[in-house]
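Participant: Residue numbers (the numbering used here): 30 to 275.
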């Protein structure tokens, strides 16, 4: 989530800084909006930043992504409680996306982004314990391999400016995927159970994501917005423009 928020923050900063620069340059509002600003171009350039990193924008190398250890501590009342650790997490494909949309509308300060990821592969060792819907015990120690195909992500944001700093007044996040394949070992310390659950998750997850899109969006959107606002509140508008202009 933090890595995704960092990418969104970079997009947000870029589109807004570009608009301010263009406005002060020649005040050509209509021409700027018709061209869509520099957001689409930046999203294309972002692929290289994801592959190679960009110290100026505080973007590390994300493709391939490698994390030695990641703690898990989830506690959503009535839904899931999960604690544990992920080790040797590896991911490929975060830079392999098509830009479906990259619009910045000056009227209302709206940003609409749509990305279609071709294939994202994730592998990690895990050790977790917890409960699902306050009733079902979850535990396991093994390996997880996931391949996500056709992940379609859209983010619609409305921006505001307060005390010379940017903030997100509204954000809506949606995600759909074409195919999800997973193989999990070590669930309940039973390999047969692990195979059955892996198959079930593979078959039902894309449909569940569609069926519960509203609930997922309502849960994820505020988290992304709050994370972005914490980042933006540390910088003035001038700081943001200086970062983009180099």
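Where a beta carbon is used, it is the ideal one built from N, C-alpha and C, also for glycine.
Going by C-alpha distance, which of 177, 188, 218, 227 is nearest residue 204?
Facilitator: Nearest option by C-alpha distance: 177.
Participant: Can you list, in chain order, the stretches of the beta strand (DSSP E) that have 3 or more residues and sit fully within the segment 64-107?
Facilitator: Complete beta strand (DSSP E) runs here, min 3: 94-105.
Participant: With a 10 Å radius around its C-beta and 16 neighbouring C-beta atoms as the bar for buried, classify residue 108 as buried or exposed.
Facilitator: exposed
Participant: Distance check for residue 169 and residue 216, CA to CA, integer angstroms please.
Facilitator: 4 Å
Participant: So, at 6 Å on beta carbons, what are the nonlocal neighbours of residue 115 in its own chain, with the 5 sequence-adjacent residues on each side left out?
Facilitator: 99, 153, 155
Participant: For residue 110, write down the residues that DSSP places opposite it in a beta bridge.
Facilitator: 104, 160
Participant: By DSSP, does residue 200 sit in helix, in strand, or in coil?
Facilitator: strand
Participant: So, for residue 211: in the same chain, excluding its five sequence neighbours on each side, which residues have a beta-carbon less than 6 Å away from its beta-carbon?
Facilitator: 175, 227, 230, 231
Participant: Quick one: using the 10 Å Cβ neighbour count with 16 as the cut-off for buried, is residue 122 buried or exposed?
Facilitator: buried
Participant: Thinking C-beta only, is residue 206 closer than 8 Å to residue 237?
Facilitator: Going by C-beta atoms, residue 237 is not nearer than 8 Å to residue 206.
Participant: Note the first and the last residue of the continuous alpha helix (DSSP H) segment covering residue 248.
Facilitator: 242-261
Participant: Can you check which of these residues, 118, 134, 259, 161, is closest to residue 185 by C-alpha distance?
Facilitator: If we check each option's Cα against that of residue 185, 134 comes out closest.
Participant: Which residues in the same chain have their Cβ closer than 7 Å to the Cβ of residue 103, if we skip the five residues on either side of it in sequence?
Facilitator: If we look at residue 103 and ignore the five residues flanking it on each side, its Cβ neighbours are 109, 110, 111.
Participant: Does DSSP put residue 185 in a helix, in a strand, or in coil?
Facilitator: Note: residue 185 maps to strand in three-state DSSP.
Participant: Strictly by DSSP, which residues pair up with residue 178?
Facilitator: 148, 208
Participant: On the three-state DSSP scale, how would you describe residue 223?
Facilitator: helix
Participant: Could you check if residue 190 is buried or exposed, using at least 16 other CB atoms within 10 Å of its CB as the buried criterion?
Facilitator: exposed
Participant: Rounded to the nearest angstrom, what separates residue 262 and residue 124 at their Cα positions?
Facilitator: Residue 124 has its alpha-carbon roughly 27 Å from the corresponding atom of residue 262.
Participant: Within the same chain, show all residues whose beta-carbon is closer than 7 Å to that of residue 131, passing over the 5 residues directly before and after it, in chain order.
Facilitator: If you ignore the 5 residues before and after residue 131, its C-beta comes within less than 7 Å of the C-beta of 65, 68, 69, 72, 142, all in its own chain and listed in chain order.
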